[in-house]
Each structure stands twice: as C-alpha cells, then as structure tokens.
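Since the structure comes first, as structure tokens, the remarks are kept for the end.
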Amino acid sequence: MQTTSRLRTGGVLTALLLSCCASVIRAQDDTDSLRRVLAASAPDTTRVNTLNTLAQAYMDVEPDSSISYASQAQRLAEELAFEPGLGEALRIVGTGHMRRQEYGIASSHLQRALALCAKLGDAEKQKKIHFALAHIAEQQSDFPEALKQHLISLKLAEQLGDSAAVVDGRMDIGVVYGHMGEHAKATALLEQVLQAYERTGDSLSIARTCNNLGNVLDDEGRSDEARTYLNRAVALARTLGHPMGEAITLGSLANHYQRLEQFDTALVYNERILALLERIGDPFRLAAASINAGEILTRMKRYDEAEEYLNRGIGYARSVGAKQWLSNAHAGLYDIANAQGEAAKALEQFKLHIAYQDSITNEANTRKAVQVQMQYDFDKKEAATRAEQEKKDALSAEELRRKGLQRNALLGFAVFGIVFAVVDMRRRRRIKQEHARSEALLLNILPEEVAEELKAKGSAEAVHIDQVTVLFTDFKGFTAMSETLSPQELVRDLNECFSAFDHITAKYGIEKIKTIGDAYMAAGGLPTPNTTHATDVIKAAFEMRDFIAVGKARKIAAGLPYFEIRIGIHTGPVVAGIVGVKKFSYDIWGDTVNTASRMESSGEVGQVNISEATYAFVKSEPGLTFTPRGKVQAKGKGEMEMYFVERASSVPAQ
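Numbering (the working numbering), first residue to last: 68 to 721.
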C-alpha cells in the first residue's frame, strides 16, 4: 500500500502540532479539589461551572472523561437555561470529540456553541471556537475553510486587543498557506511572526515559529534551511526545560529525516520523542509517535519490531478513541502482512483500516457526493432517453422521405406513435425496476426515515437522540480461528454469524450500525425514538448469544474450531447521521458508544453485560434477572457498576 498523506508519513508531527502551545498537564491536586467541590454542590450554575472546569482539566489526557463531565454540564445547563454554561459545555464537548478525531460530531457541538456565544456577545469564546473549527478543517485537508476560520479568529483577537493572539493567529495562517502549497506567502508571514517574537524575547514562541517555518521550508524542498530552523527550535525547547515543546520539535526533525529516507536518524529522534511523551503521560501523542516508529521500521524492513510498535500505538489510540491513528496503525499492519505474504492477516488488517477510515470521513463531502451521484444518475438516464428518442426521430424522418406520400407519412406517424408507446412503456418498466432495486439497496444501507430525507433533500442532517441502547458483540477465539482457517472459510463463518444477527436485529426493530472486523454494533431507539429500546436490545442479545452457543456445540461435535461471544450494552444519548464519501453509511457517535464498547470488553464469554444506565431502564421488566457485578474497572472510564442480565428461568428462549 503506497501512502503519501502526512497522516501516514511523519504522522507523529501531525499529532504533536494539534496544539503548538504548551500542553496543559492535569494536576492531580486540582482535579481532586474540583471533584470535592462537585460532590458537595447543588444542581445549580456553580455545579455547571465546576463540571466545565473539570472537563477542561481532563481535555489533554483523558478525552472520554472530559466529554463525560462536559456532557453532564450541558444537560444541567439546559435544565437551568444557563446559556453561558451551556455554551462552554458545548465548546468542550466539541473540542473533546475533535481530540478523538470524531470531526462530524465535534463540528455539530462547536457550531451550537458558536451560535450561543455570538448571542451572548462572548468574543473570547467565539475566537476559541473558530480556532477549533479551523483545526478540524485542516485535519480534513479543507485548507480554504481552515484559512477562513483562522481569519475570523484573527479578526476577533484584533477586536479584543489581544496582541499575543493576533501574532499567534498570523502564525496559524502561515502554516495553512504552507499546507496549500503557497510557500512564498507562508514563509514571508512566518518570518514576520518570528521577528515579532524575537523583539519580545518570547523564547517558547520563537521555538514554535522556528518549528513551523522549518516545516514549510521542508515541504518546499529547502532541506538545509529547514534543518537550521528545526535544530534551533529543539535547542530552545530543551534550554527552556519544556518537554512537550522538545517532543514537538523533535517530531518535525523525525519527519524531516523520513522525507530524506534517512530512517536510522529518524528512528533515533522518534525514540527520544517516545521517552519524553512517556514522561509527560500523553496517550494521544504516544499513539501517534508509536505508530510513526512502526512506519519507520517498516520502511527499514524490520517487521517484527514495526509490528510491536504499531500494536502499542493501537493500545494508546483505543484508550483515547483516536480513530485516525487506529486507521493508520491497521494500514501499517496491512503493509507488514502484505510484505510477508500473509494474505489472511493482510485482509483482516485492511478491512479494519478501511472501517476506521470510513467512520471519520467528512459528512459534508458525503452529502456532496450523494448529490453529485444522484444528479449523475438522473443525467445519465435523461441522456439515454434523449438518444433513444433522437434515433427514433431519425428513423421516422427517413421513412417519411422515402415514401414521399402524405398518406404514407400519416401512416408512418401512426406506426411510429405505436412503436414509441411500446418502447416507452418498456423503458418506463425498466427504469421502474431499476428504481426498485436502488430503493432496496438504499434501504439496506440506511434506515427508511434517513433514506427518505436523503432522497427529498439530497442530504440528511445529523440528529441528537436523547436515549438509545447500544449493543456491541465481539468473538473470543477469532484470532486463533483466523490462523487455522482459510480466508474463504473465515469469511463464510463470519457471514453466517452476522447474517443471523441481521435477522435478529430486524426481528426486534433494532438498527444495525456496522461491523468492525469481528465486532458487531447495533442500536435500539433510532432513528425513531421509542420506549422499548433497552428491552428490545437485551432480547436480541439473548438470541445472538444462543445462536453462537448452538454453533459452538455443533462445531465441538465435529471437531472444528468455534466462536465464543461477549456482549455489552449501554443506554444513553447519541448523535446519529450519515458518513462516508465512496460508500456512505449511517453511524452514531458519542460517549454512549464508547461506554457500550467498554461493557463488551469488560464482560465475560457467554454473558450479556449491561451498564447501570441500562439496568435502570429494565430492572422492573418482568422475565429478566440480574447479577450485580459491583464496580468493575473499564478501560478509560474508571470503575463502573455493571450487571449480568439473564432470562428468568420460567421464560423460554424465543
């Protein structure tokens, strides 16, 4: 797989430059103090502000916790009609999802926050939100939009008289010009910024500007000049005793030497970055640096070491939900498997890479692609009809000229009319059949309500749904089976299981969301909300588990390898909508999805593990029994109350 994106080559630099300013490292004493205040506070505006402050404190190192606290603040602020607190909560939730590389849901929250802050006249918050929107646009390579957002942010900084933010804004614009290939503009602007910082003696900002200027020069192919600036940036950061600044600048040097294909040197710098980030304790950037090390080692054909680093990066990326890094890591593992001739493993890794990549695709591009495709299909049919009509007209005219008699001409017109009617009837029948097939395909991909909206408007808006129940399944023994079965046998077994799951979800009115490798995800209560979603999903989970148990027994009897299953369920709010460019899909986002995944990974084989939130919905439901598990450690979530749910002994399997 040949890759040229900066997200793959020198990926660590992209991650580290998420923020060129000093990384905010959470102080344990501060968060402990805030949690004590939170525990003692009443459900008032003070509690909203405390939740927002806690959310901001967790932003850099635990995006899940940050989103969770800010979501609590959002709900309480909405109840209290406390608009300043609501605007800040939406901004933090949006920024948290941006850190998790969930750009669609991030933009949705940030735009809501922007509208509120504009209404309140809070220019400072508007400036921050426009900066975040600019970053999202940069990550999606929409550089004109990034430039627009940075210019708005810069104008607000000028209105506020924030001279430091004005200079920072000009540096951000210079970086975007570099991405757009306008190197002369970028270099001129960054040199002006550097002179401004040198006049004030701001060493850290000088280091940042040297780093960005070095990157622009490196993109332009001016390697020697680039290296001079990058080395100066590293030296300044080290002198200042600023480990994050040093990691950022070392990342640029690692990227520089990768461009020059001096992989030994690039790897040395990358190892220094990893040591610094481990000291800081930043899992998001550790994910990027580990994956970048894997990519360097792959280029050096040191495949075992490369695989170790890529898997380490996957662990870090999963802990913070960084989908782009997960996509990159699986692409790297595909490269290794492909190079070593391991076809089954390569296929598995490629599917995971594509699944993650599809889930982070820009929704705006999706809507545009859908509109373009629909217009193309319409134009194609119209052109075909027009060509057919023109052909018939030509034949008719020739017939008229040949016969040359009015009587025969009239007869010719009559015959033509009959033929055209027959042909047109057949054409309409064929188009109708094609339309029916298209409808069936669309409804197989999207919920009916979403499909109707897409057809009516050419787009489908993302929506917030207050309560849905999300289910995740995962197979134990999948990896072992993949090593013993051929790719065809493995895909056949997966297809058998997932086809059965599809029938079960349809039976209970549950929406299948997607499969990721051997994991299956579905949700009840959407796109049309209902009150039975939690019970419906649990009943479906029982049938899925029973199906796998029957298959296990059958395969044991035949001496064949078999699947076992873990199932996790959680209830809460989500945002639902369409994503994808080449193949659009209906998806859901939010902390509820992450928590449901944790319920699965924290469960046990053959059990249906539910969260406390789901338990609250179904605890009085007849026919169900529950086994409390107490507080169980969930990765990235801390300790959570969980329950195993079962049918009551008197209730037969359906």
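Ideal Cβ positions, reconstructed from N, Cα and C, are used throughout, including at glycine.
Is residue i helix, strand or coil when you go by DSSP?
{"i": "residue 289", "result": "coil"}
{"i": "residue 545", "result": "helix"}
{"i": "residue 238", "result": "helix"}
{"i": "residue 231", "result": "helix"}
{"i": "residue 349", "result": "coil"}
{"i": "residue 712", "result": "strand"}
{"i": "residue 149", "result": "coil"}
{"i": "residue 409", "result": "coil"}
{"i": "residue 447", "result": "Low per-residue confidence applies at residue 447: pLDDT is 49, beneath 50, and the placement is therefore not dependable enough to give any value."}
{"i": "residue 167", "result": "coil"}
{"i": "residue 698", "result": "strand"}
{"i": "residue 630", "result": "coil"}
{"i": "residue 283", "result": "helix"}
{"i": "residue 678", "result": "strand"}
{"i": "residue 685", "result": "helix"}
{"i": "residue 374", "result": "helix"}
{"i": "residue 603", "result": "helix"}
{"i": "residue 654", "result": "strand"}
{"i": "residue 672", "result": "coil"}
{"i": "residue 691", "result": "strand"}
{"i": "residue 269", "result": "coil"}
{"i": "residue 643", "result": "strand"}
{"i": "residue 538", "result": "strand"}
{"i": "residue 635", "result": "strand"}
{"i": "residue 705", "result": "strand"}
Taking only the alpha-carbon atoms, compute the straight-line gap between residue i and residue j and give it to the nearest angstrom.
{"i": "residue 688", "j": "residue 606", "result": "12 Å"}
{"i": "residue 318", "j": "residue 355", "result": "10 Å"}
{"i": "residue 211", "j": "residue 542", "result": "44 Å"}
{"i": "residue 708", "j": "residue 664", "result": "15 Å"}
{"i": "residue 241", "j": "residue 255", "result": "8 Å"}
{"i": "residue 201", "j": "residue 260", "result": "19 Å"}
{"i": "residue 231", "j": "residue 570", "result": "59 Å"}
{"i": "residue 411", "j": "residue 377", "result": "18 Å"}
{"i": "residue 393", "j": "residue 362", "result": "13 Å"}
{"i": "residue 532", "j": "residue 686", "result": "22 Å"}
{"i": "residue 198", "j": "residue 553", "result": "50 Å"}
{"i": "residue 170", "j": "residue 134", "result": "14 Å"}
{"i": "residue 123", "j": "residue 703", "result": "17 Å"}
{"i": "residue 250", "j": "residue 117", "result": "44 Å"}
{"i": "residue 311", "j": "residue 346", "result": "10 Å"}
{"i": "residue 229", "j": "residue 190", "result": "11 Å"}
{"i": "residue 303", "j": "residue 334", "result": "22 Å"}
{"i": "residue 585", "j": "residue 567", "result": "14 Å"}
{"i": "residue 150", "j": "residue 414", "result": "50 Å"}
{"i": "residue 274", "j": "residue 257", "result": "12 Å"}
{"i": "residue 418", "j": "residue 400", "result": "11 Å"}
{"i": "residue 288", "j": "residue 206", "result": "22 Å"}
{"i": "residue 267", "j": "residue 192", "result": "26 Å"}
{"i": "residue 179", "j": "residue 196", "result": "10 Å"}
So, at 6 Å on beta carbons, what are the nonlocal neighbours of residue i in its own chain, with the 5 sequence-adjacent residues on each side left out?
{"i": "residue 591", "result": "536, 577, 600, 603 and 604"}
{"i": "residue 364", "result": "372 and 373"}
{"i": "residue 214", "result": "243"}
{"i": "residue 221", "result": "236"}
{"i": "residue 693", "result": "710 and 712"}
{"i": "residue 172", "result": "164, 642 and 656"}
{"i": "residue 167", "result": "130 and 388"}
If I measure Cβ to Cβ from residue i and keep anything under 8 Å in the same chain, skipping five residues before and after, which residues do I get?
{"i": "residue 565", "result": "582 and 587"}
{"i": "residue 447", "result": "Low per-residue confidence applies at residue 447: pLDDT is 49, beneath 50, and the placement is therefore not dependable, though the value from the model is reported in the following sentence. So no residue of the chain qualifies."}
{"i": "residue 549", "result": "411, 412, 415 and 557"}
Indicate, with yes or no, if the ligand ATP has a heavy atom lying under 7 Å from the CB of residue i.
{"i": "residue 669", "result": "Among the components modelled here there is no ligand, and therefore nothing to report on the ligand ATP."}
Answer yes or no: does any C-beta atom of chain B fall closer than 8 Å to that of residue i?
{"i": "residue 290", "result": "Within the model displayed, chain B is absent; a lone protein chain is all it includes."}
Ordered along the chain, which non-local residues of its own chain (more than five positions away) have a Cβ less than 7 Å from that of residue i?
{"i": "residue 141", "result": "153, 156, 157 and 160"}
{"i": "residue 307", "result": "270 and 271"}
{"i": "residue 119", "result": "137, 140, 152, 155, 156 and 159"}
{"i": "residue 301", "result": "313, 316, 317 and 320"}
{"i": "residue 293", "result": "281, 284, 285 and 323"}
Please confirm if the segment 600-616 is in contact with the segment 665-681, defined as three or more CB-CB distances below 8 Å between the two stretches. yes
What are the start and end residues of each continuous beta strand (DSSP E) run of 3 or more residues lying completely inside the segment 555-600, in chain order? 578-583 and 586-591
Going along the chain, which unbroken runs of the beta strand (DSSP E) with 3 or more residues stay wholly within the segment 100-139? none
Contiguous alpha helix (DSSP H) assignments of at least 4 residues, all confined to the segment 294-368: 310-326, 330-347 and 350-366
Evaluate contact between the segment 175-193 and the segment 403-417, counting only Cβ atoms and requiring at least three cross-stretch pairs below 8 Å. no
Ranges of the alpha helix (DSSP H) found wholly within the segment 176-256, counting only runs of at least 4: 190-206, 210-227 and 230-246
Quick check: the segment 311-325 against the segment 275-283, are at least 3 beta-carbon pairs closer than 8 Å? yes
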